[in-house]
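Each remark here refers to the structure printed beneath this line.
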Amino acid sequence: MSQGLIQGSMREAPLPDIIQLVSQGGKTGCFHVADEPRKARIYLKDGKIVHAVTNDCEGLDAIYEIALWLDGTYHFEEKDPGTEVTITKPNPSILMEMHKRMDEWRVISQKIPSLDLHPQSTLLPGETPSGVNPREARLLALVTGWYTVHELAEVLEKPVLTIAKDLYGLVMAGHVILKGVRGGRRPEVPVHEAPPQDLPAAPEPAPAPEPVPVSVSIPAPVPEPVPEPVPPPVAPAEPARVEIRPLPHPAPHPTARPVVQDPVKLAKLTNFTQRIVQASKAVLPPEHHDMVNKLQARANQQLMAGEGPEAVKNLALAVSRGAVDAGCDGETVKNLNAGLKALFAK
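If you use full-length UniProt numbering, the sequence shown corresponds to residues 1 to 346, in order.
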């Protein structure tokens, strides 16, 4: 049976959805992601995300950087890369955070379309803007047109998405514009001042009965908490049609013709298997839920191999037969079959 080739565009079929699909099949391999000139790799071991690397970073930082590549493309190569493990966070948490960042960036990118643009303040010398929080005020002092958005994040040692959020608010308020070329003067990056030290003890007074030494100290100031900006409202992404192109490298077996999968269709079929599982577990006793999970995993592997809707239909039949073979009573099997038929009737 030939294996399917998974490839697509971040705008048309979001990468987190495809990673979830591949991970449900327990696959081991590598997602190659590109948003020229940037490139990245995300490694899976038995369906678990274990490592990621971009041009600038690795681990979870690389995963979250890739979430901002809305114009990126990807393809999955199934093989054991034998890579190191730098990520131990569960897949659902990682993919949920990727989706959140992608949604935020879709809104921010309407005003900041590229991290390589140069923000420049529109304020006059000495002008104090209203409605600007302390963090935005510090950022305003650095947006002279010299640094790019990405460079500002490096200079301030902040996540690039945090800097982009602040710049989004400043652009919307008319305090900042974006230019395509470097200009202005290079700003001085403020140095964090060390907190004042305790003052030395005062000298003892002249000899007198029972002299008392005096000591004076000044406590270090407590920094004011900086309020986090409220993220802008997220507009739902419109579905788009996926264009699937063959990979440039040859298939592993010259005699077998690889099946090129449609990620959108594949995701819909996988979601239908999940609905079958939920309907089955709602009827079957808990001791039979593991049987349902195993049948779903097998169905997802068949979907990955290109069997399409037939794999979904076979899953429903297999669950029904499994309930009978497990000795479920007639009423339970009857209710199970009614629930499964209702899914296919919709």
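Glycine included, every Cβ here is placed at the ideal spot set by N, Cα and C.
Notebook entry, point to check: By how many angstroms is the C-alpha of Asn133 removed from the C-alpha of Ile66?
Noted result: 29 Å
Check: Closest to Gly25 by CA distance: which of Gly330, Ala316, Pro119 and Ala299 is it?
Finding: Ala299
Margin query: Once DSSP output is grouped into helix, strand and coil, what is the label at Met10?
Written below: coil
Notebook entry, point to check: Per DSSP, Gly330 forms a beta bridge with which residues?
Noted result: Its beta-bridge partners do not exist; DSSP assigns none.
Checklist line | Sequence-distant residues of the same chain with beta carbon closer than 6 Å to Ile108, five excluded per side | finding: Ala164 and Tyr168
Check: Does the separation of the CB atoms of Leu60 and Lys89 fall below 8 Å?
Finding: yes
Margin query: Rounded to the nearest angstrom, what separates Pro285 and Arg275 at their Cα positions?
Written below: 17 Å
Item checked: Reduced DSSP category for Ile108 - H, G, I as helix; E, B as strand; rest coil -> helix
Next item on the list: Closer than 7 Å by C-beta to Glu136: which residues in its own chain qualify, once you throw out the five before and the five after it? Chain order, please.
Entry: Asp166, Gly169 and Leu170
Notebook entry, point to check: Where DSSP assigns a beta bridge to Asp103, which residues make up the other side?
Noted result: According to DSSP, which records beta bridges pairwise, Asp103 is partnered with nothing at all.
Item checked: Cβ neighbour criterion (16 or more within 10 Å) applied to Val189 -> exposed
Checklist line | Contacts around Lys111, its chain only, beta-carbon distance under 6 Å, and the 5 residues preceding and following it disregarded | finding: Tyr168 and Val171
Notebook entry, point to check: Hey, how far is the Cα of Lys39 from the Cα of Asp71?
Noted result: 12 Å
Check: Can you tell me where the beta strand (DSSP E) with Ile49 in it begins and where it stops?
Finding: Lys48 to Thr54
Notebook entry, point to check: Roughly how many angstroms lie between the CA atoms of His118 and Leu124, to the nearest whole one?
Noted result: 18 Å
Note to self: Measuring alpha carbon to alpha carbon, tell me which residue in Lys313, Leu140 and Lys45 is nearest Gln20.
What the structure shows: Lys45
Notebook entry, point to check: Would DSSP call Ala62 helix, strand or coil?
Noted result: helix
Next item on the list: Measure from the alpha carbon of Ser9 to the alpha carbon of each residue in Thr54, Phe76 and Lys27, then state which is nearest.
Entry: Phe76
Next item on the list: Have a look at Pro129 and His175 and give me their C-alpha separation to the nearest angstrom.
Entry: 8 Å
Checklist line | CB-CB length for residue 414 against His51, believed under 8 Å | finding: Here the chain has residues from 1 to 346 only, and residue 414 is not among them.
Check: Using the rule of at least 16 other Cβ atoms within 10 Å of the residue's Cβ for burial, across every protein chain shown, is Gly183 buried or exposed?
Finding: exposed
Item checked: Gly116 and Thr144 closer than 8 Å at C-beta -> It should be pointed out that residue 116 corresponds to Asp in this sequence rather than to Gly. Not a contact, by the Cβ cut-off of 8 Å.
Item checked: Candidates Leu178, Pro113, Arg41 and Met102, of which the one nearest Tyr74 by Cα -> Arg41
Margin query: Suppose the cutoff is 6 Å on Cβ atoms and the five residues either side in sequence are ignored; what does the same chain contact list for Thr83 look like?
Written below: Tyr43 and His51
Notebook entry, point to check: Is Gly8 near the ligand SAM, with its Cβ less than 7 Å from a heavy atom?
Noted result: Judged by which ligands are present, the structure shown has none, so any question about the ligand SAM falls away.
Item checked: Start-to-end residues for the beta strand (DSSP E) that takes in Arg41 -> Arg38 to Lys45
Checklist line | Whole runs of the alpha helix (DSSP H) within the region 109-159, excluding any shorter than 4 residues | finding: 134-140 and 149-156
Notebook entry, point to check: Does the Cβ of Leu289 have 16 or more other Cβ atoms within 10 Å, making it buried, or fewer, making it exposed?
Noted result: The amino acid at residue 289 is misidentified as Leu; the sequence shows His. Its Cβ having fewer than 16 others within 10 Å, His289 is exposed.
Next item on the list: Determine which residues share a DSSP beta bridge with Ile177 and list them.
Entry: Gln120
Notebook entry, point to check: Would you say the region 333-342 touches the region 303-322, given that touching needs at least three Cβ pairs under 8 Å?
Noted result: yes
Next item on the list: Please name the residue in Ile63, Ile6, Glu154 and Pro37 whose C-alpha comes closest to that of Lys27.
Entry: Ile6
Checklist line | Strand pairing of Cys30, partner residues [DSSP] | finding: Tyr43 and Glu77
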